[in-house]
Amino acid sequence: MATVVLGVAASHSTLMNTHWEETRHKAEAERFRDGLRTTRDRIAAVAPDVVILLGSNHFRGFWHDLIPAFTIGVGECIASGESGTPQG
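Using our numbering, the first residue of the sequence shown is number 463, and each one after it goes up by one.
Here you go:
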């Protein structure tokens, strides 16, 4: 039987680490990044056997080197091309 060892939720911010020089509210952005680092450390500490990640599509955030081993696609994907990512 499986046991849930940790539940985590984070704000939507696929492009958080792009265009850092143009970020206007750096103190808030740094606080957000610090929270992600803390979360990373907590996940590592519980050393889960399986991670289930739920999120919206955002292929532009996955790219080819970060695509999960297993995904479920639902619906049509239309990218807007923001921040220099591919449109269509």
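Backbone N, C-alpha and C fix where the C-beta goes; we use that ideal spot for every residue, glycine too.
- Within its own chain, no residue has a Cβ closer than 6 Å to the Cβ of residue 497 once the five positions on either side in sequence are excluded.
- Listed in chain order, the non-local C-beta contacts of residue 485 below 6 Å within the same chain comprise 491, local neighbours out to five positions each way being set aside.
- The three-state reading of DSSP puts residue 506 in helix, counting H, G and I together.
- Going by C-alpha positions, residue 487 is about 25 Å away from residue 503.
- Residue 486 carries a coil assignment under DSSP once its states are collapsed to helix, strand and coil.
- Spatial neighbours of residue 505 in its own chain (CB-CB distance under 8 Å, excluding positions within 5 residues in sequence) are listed in chain order as 468, 470 and 513.
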